[in-house]
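These notes are about the structure you will find just below.
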Amino acid sequence: MEQGSGTGKPEREPSISDEEWLRFQREGGDVADVPKEPSARARMVAARLRELDAEAARRQPRRWWERKAKEPEPWQPDGWRTGPAWQGTRGRRNRSGRWIAGFVALFAVSAGVVTYLDDAAPGLDLGRGGEAAPLPAETAAPSAAPADEVFPDRPTLKEPFNGSPAQRWESGADAVELPEAEAVNGVSAERVADGARLLKEFLVAANLDPEVLAGGEPTDAVALLDPIGRELVQETRESLASPSRERDPLWLFSRFDTDEVNLIEDVRVRGRMEVTAGEGKGKAVIASDYSFVYAVENADVPGEVTRTLVRREIHVEVVDPARWEATEGTLWLTEYNMEVGNSSCSVYDGLLHPTFDSDRMGDGEATGPTADPYDRSESLGGEDGLGEECGVVSRI
Numbered sequence: 001m002e003q004g005s006g007t008g009k010p011e012r013e014p015s016i017s018d019e020e021w022l023r024f025q026r027e028g029g030d031v032a033d034v035p036k037e038p039s040a041r042a043r044m045v046a047a048r049l050r051e052l053d054a055e056a057a058r059r060q061p062r063r064w065w066e067r068k069a070k071e072p073e074p075w076q077p078d079g080w081r082t083g084p085a086w087q088g089t090r091g092r093r094n095r096s097g098r099w100i101a102g103f104v105a106l107f108a109v110s111a112g113v114v115t116y117l118d119d120a121a122p123g124l125d126l127g128r129g130g131e132a133a134p135l136p137a138e139t140a141a142p143s144a145a146p147a148d149e150v151f152p153d154r155p156t157l158k159e160p161f162n163g164s165p166a167q168r169w170e171s172g173a174d175a176v177e178l179p180e181a182e183a184v185n186g187v188s189a190e191r192v193a194d195g196a197r198l199l200k201e202f203l204v205a206a207n208l209d210p211e212v213l214a215g216g217e218p219t220d221a222v223a224l225l226d227p228i229g230r231e232l233v234q235e236t237r238e239s240l241a242s243p244s245r246e247r248d249p250l251w252l253f254s255r256f257d258t259d260e261v262n263l264i265e266d267v268r269v270r271g272r273m274e275v276t277a278g279e280g281k282g283k284a285v286i287a288s289d290y291s292f293v294y295a296v297e298n299a300d301v302p303g304e305v306t307r308t309l310v311r312r313e314i315h316v317e318v319v320d321p322a323r324w325e326a327t328e329g330t331l332w333l334t335e336y337n338m339e340v341g342n343s344s345c346s347v348y349d350g351l352l353h354p355t356f357d358s359d360r361m362g363d364g365e366a367t368g369p370t371a372d373p374y375d376r377s378e379s380l381g382g383e384d385g386l387g388e389e390c391g392v393v394s395r396i
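Numbers 1 to 396, taken from full-length UniProt numbering, label the letters of the sequence shown in order.
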């Protein structure tokens, strides 16, 4: 006897589950097996899938923007996610490390006096002065940090880079050298060259422009951001208008409080750009890694000089405009990381606040490890994504 459900109508056979339907759509194989028109279930599951994507995106920390493919195909039931309709989102791996100036253990001289007097000791510089030969351009990550000076000269207004590896670095925009332009992954050499040139313009406008360094608005740098990436542009402008720990313009721009310091014009720079294939045909990534060393005078103590170091890794994406949306003459940032040496860890006003010898005691901000801000042998990016820590610099 046919059993009923209490309504007098026979029960329907169990339908296929949503999970099985999704698996069929994703792994089923032949397009011929898929209905020409989407069924009610297909439409329902597709809508649910889009809702889940949106929910995951909302939960992702510091999610940025997405780049659209050029003329994306309308939604179809078969293959639902086939084709590069959207660029996968890349989290801003903003590893915002700050290190304050501190006293380091350079007092164990007597325990190694023989070694210290040996000019041949590896990794050791006695700091005897003399004209330092400039370093050749950096073409790859160094294998180790620069050698320490046992008795480094102190910075002065006349010689602000005394006792610093930056004494051998190039000055200003000339230190930002462009890579050789070659076609990469379907992106022409001309577009790669344009992308590198724009990235250099951004680095100079954000980190070397005298008005910006003096606390001014980085108007030229912001204008280089692709307006298609509305979220980044909006967040950048909001961070400049209302700086906070969560939205700190120091992530992209180097600026000082001129009530506290007098800027010394010479800025030393070291780094490189590298070009690699991006994810998806028609994409190339230009990865920049540059350290900027700023010498400043204490506005309250004339003649007292210190240095602040800012290292930035900024990656931009260059695309084939036939495949991907892009605004000519602008940059599409995909990732940036920042590390600061000798600036307050507890002030989030969008400005750098160096510590001088005269006010160094009793700082008490540093809780993290000691770090060498001149060590460029390791990348700032990490798999842990967002993060921030405050430690002590071993030298400035």
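Even glycine gets a Cβ: it sits at the ideal position worked out from N, Cα and C. Everything numeric in this text was worked out from a predicted model, so none of it was measured.
Query                                                                                                                                                                   : Result
What separation, rounded to the nearest whole angstrom, lies between the Cα atoms of A175 and M44?                                                                      : 57 Å
Since E138 sits in a beta bridge, which residues does DSSP pair it with?                                                                                                : DSSP, once it has assigned bridges, lists no residue as partnering E138.
Excluding the five sequence neighbours on either side, which residues of its own chain have a C-beta within less than 7 Å of the C-beta of G195, listed in chain order? : I286, V316, V318
According to DSSP, simplified to helix, strand and coil, what is W324?                                                                                                  : strand
Answer yes or no: do V267 and G172 have a C-beta to C-beta separation smaller than 8 Å?                                                                                 : yes
Would you give the residue range spanned by the beta strand (DSSP E) that D266 belongs to?                                                                              : 261–277
Give the DSSP-derived three-state secondary structure of S377 in the structure shown.                                                                                   : coil
Please classify S242 as buried or exposed, where buried requires at least 16 neighbouring CB atoms within 10 angstroms.                                                 : exposed
Pull up the distance between the alpha-carbon of A277 and that of V192, whole angstroms please.                                                                         : 11 Å
Candidates S164, P210, D153, F256: which alpha carbon is nearest D375's?                                                                                                : S164
What separation, rounded to the nearest whole angstrom, lies between the Cα atoms of A183 and K281?                                                                     : 12 Å
Can you tell me which of P134, T156, D209, E339 puts its alpha carbon nearest to the alpha carbon of R168?                                                              : P134
Look at the Cβ atom of S271, then the Cβ atom of E138, and state whether they are nearer than 8 Å.                                                                      : According to the sequence as given, residue 271 is Gly; it is not Ser. For G271 and E138, yes; Cβs fall inside 8 Å.
Quick check on this structure: which residue in A326, S288, E304, T327 has the alpha carbon closest to the alpha carbon of D381?                                        : Note that residue 381 is Gly in the sequence shown, not Asp. Considering only alpha carbons, the answer is S288.
Rounding to the nearest angstrom, what Cα-Cα distance links Y239 and S377 in this structure?                                                                            : The amino acid occupying residue 239 in the given sequence is Ser; Tyr does not appear at that position. S239 and S377: Cα-Cα distance of roughly 30 Å.
Pull up the distance between the alpha-carbon of D349 and that of L250, whole angstroms please.                                                                         : 9 Å
When DSSP labels each residue in this structure, what does E180 get in the three-state scheme?                                                                          : coil
Please report the distance separating the alpha-carbon of S254 from that of V310.                                                                                       : 8 Å
What did DSSP end up calling V347 once you bin it into helix, strand or coil?                                                                                           : coil
Helix, strand or coil for V204 per DSSP?                                                                                                                                : helix
DSSP three-state call for G391: helix, strand or coil?                                                                                                                  : strand
Taking 8 Å as the cut-off, decide whether the C-beta atoms of V296 and V269 are in contact.                                                                             : no
Roughly how many angstroms separate the alpha carbons of A140 and V305, rounded to a whole number?                                                                      : 31 Å
Could you give the DSSP three-state label for L199: helix, strand or coil?                                                                                              : helix
Below 8 Å, how does it come out for the segment 195–204 and the segment 325–335: are there three or more Cβ pairs, yes or no?                                           : yes
DSSP has A371 in a bridge; who is on the other side?                                                                                                                    : V393
For a test of the three-state rule: what should DSSP assign to D247, helix, strand or coil?                                                                             : The residue you asked about is not Asp; residue 247 is Arg in the sequence shown. Looking at R247 - three-state DSSP - the assignment turns out to be coil, as it is neither helix nor strand.
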